[in-house]
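Data first, discussion second: the structure below is written as structure tokens.
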Amino acid sequence: MQNKLLLIILDGVPHRNWRRLFGNLEGWVQSGEARVWTHRAVLPSISASCYASIHTGVSPQVHGCTGNGNVFRLSQPDIFSQVRAANGVTGAVAHSFWSEFFNRHPFDYVRDIEYDEPESDTINHGRFHTMTGYGHDNQMTPSDVDLFATLTNLCLRFGLNYGLLHTCTLDSMGHRFFHDCTQMDHACFVMDEMLAPFIPKWRAAGYEVIVTADHGQDARGHHGGRDPLQQESALYYFGPASGPSEDTVIDQLQLAPTILSRLGAPVPDTMQARPFLT
Ligand SMILES: [Zn+2]
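When you line the sequence shown up against the numbering used here, it's residues 52 to 329, in that order.
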């Protein structure tokens, strides 16, 4: 496999906060280096259900993950397994749900916190965190610059073809402070500034980059249902492919077949949605 792509998921950011507060990403849209569309999550617009749908390209009604309390090893093929089938190298820097869905369940704190498994059928290089003890007053998330650096480290050391990064910082902040407040203005601003220096480095290393969220959050910090604030985020794309018109709403089930087609990996029959990049 020659192609390379990174999927960056900032958990729980509504469309309006992307477009209003992420000045670096919006600057690259303005300069023509990135494109942006609206991205609509599956239902329920709950984190675990969305992670499973983003990576398998099938709905929660098919993969069966109905929420964060129902996490298990999924049975459908996913981006990791298909990249491996095409002899690509995969990596993930993410919440432990991603390891449980796509590699091993239940999560073993010692065995699964960090692994390098070149022969794996799914995730070759995993760096995970569990956020155990997470709650309103202690969000238990790592610093995002550490996560971005860890992904970059894996890319440089292991030549990842596909890398996933997922961080819960803004989702946790939003549940605590809600989304229309000075704390969230600042949190989104800091995230944008932390992320920005990495994007040119990843592009220079030959990666296409997608930055998006799993779902939004409404004015009370809630998500799970159909409210557009809960269901809709933005999706930014850096790369040479052509995409649809700016007013297109991208269905979450399109992500997996799109990423596989960009990488030149086989798209399984279970992924019925149409790729949005050509
Ligand atoms: Zn989430």
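By construction, the Cβ of each residue, glycine as well, lies at the ideal position given by its N, Cα and C atoms.
In chain order, the residues that have a beta carbon nearer than 5 Å to some heavy atom of ligand 1 are Asp62, Gly63, Ser98, Asp222 and Asp265. For Glu297, the closest of Gly63, Val93, Val80 and Gln305 by C-alpha to C-alpha distance is Val80. In this structure, Ala200 is the residue among His114, Asn119, Ala200 and His226 with its C-alpha nearest to the C-alpha of Val144. According to the DSSP secondary-structure assignment, Ser284 is paired through a beta bridge with His90. Counting only the Cα atoms, Phe229 lies some 13 Å from Asp188.
Ala270 sits away from Ser284, with the two beta carbons spaced by 7 Å or more. In the structure shown, Leu328 falls within a coil segment according to DSSP collapsed to helix, strand and coil. Annotation note: the region 282–324 contains the following uninterrupted alpha helix (DSSP H) runs of length 4 or greater, listed N- to C-terminal: 306–314. Excluding five sequence positions before and after Gly210, the CB atoms of its chain that fall closer than 8 Å to its own CB belong to Val140, given in chain order. Annotation for Gln282: Arg91, Ala92, Leu94, Ser96, His266, Gly267, His274 and Gly276 place their beta carbon closer than 8 Å to its own, counting only its chain and skipping 5 residues before and after. For the region 160–187, the continuous beta strand (DSSP E) assignments of 3+ residues that do not extend past its boundaries occur at 165–167 and 176–180, in sequence order. The C-alpha of Thr233 lies about 39 Å from the C-alpha of Leu125. Ile105: member of the alpha helix (DSSP H) spanning Ser98 to Thr107, first to last residue. Ser194 and Asp243 have their C-alpha atoms spaced approximately 13 Å apart. In the DSSP assignment, Thr203 falls outside any beta strand (DSSP E) and within the unbroken alpha helix (DSSP H) covering Asp195 to Phe209.
Pairwise C-beta distances place the region 236–254 out of contact with the region 167–183, as fewer than three of them are shorter than 8 Å. For Leu311, the closest of Trp149, Tyr213, Gly272 and His180 by C-alpha to C-alpha distance is Tyr213.
Annotation: the continuous beta strand (DSSP E) that includes Thr218 extends over Tyr213 to Thr218. By the C-beta density criterion, His217 is buried, having at least 16 other C-beta atoms within 10 angstroms.
Here DSSP, grouped into helix, strand and coil, assigns Glu77 to helix. The beta-carbon distance between Asn138 and Met52, rounded to whole angstroms, is 6 Å. This is short enough to meet the 8 Å contact definition.
Nearest in C-alpha terms to Arg208, of all of Thr117, Gly142 and Leu304, is Gly142.
Here Ala292 is actually not in contact with Gly108; their C-beta atoms are around 18 Å apart, not less than 8 Å. Taking a C-beta distance under 7 Å as the contact criterion, Val87 and Tyr258 do not qualify as a contact pair. At a Cβ-Cβ threshold of 7 Å, Phe123 and His146 do not count as neighbours. Excluding its 5 nearest sequence neighbours in each direction, Met191 has C-beta neighbours in its own chain below 6 Å: Met182, Gly184 and Tyr185, listed in chain order. Of the residues assessed, Ala85 falls on the buried side of the cut-off, its CB having 16 or more other CB atoms within 10 angstroms. By the neighbour-count definition (other C-beta atoms within 10 Å, threshold 16), Ser82 is an exposed residue.
If you ignore the 5 residues before and after His66, its C-beta comes within less than 7 Å of the C-beta of Thr89, Gly267, Glu283, Ser284 and Ala285, all in its own chain and listed in chain order.
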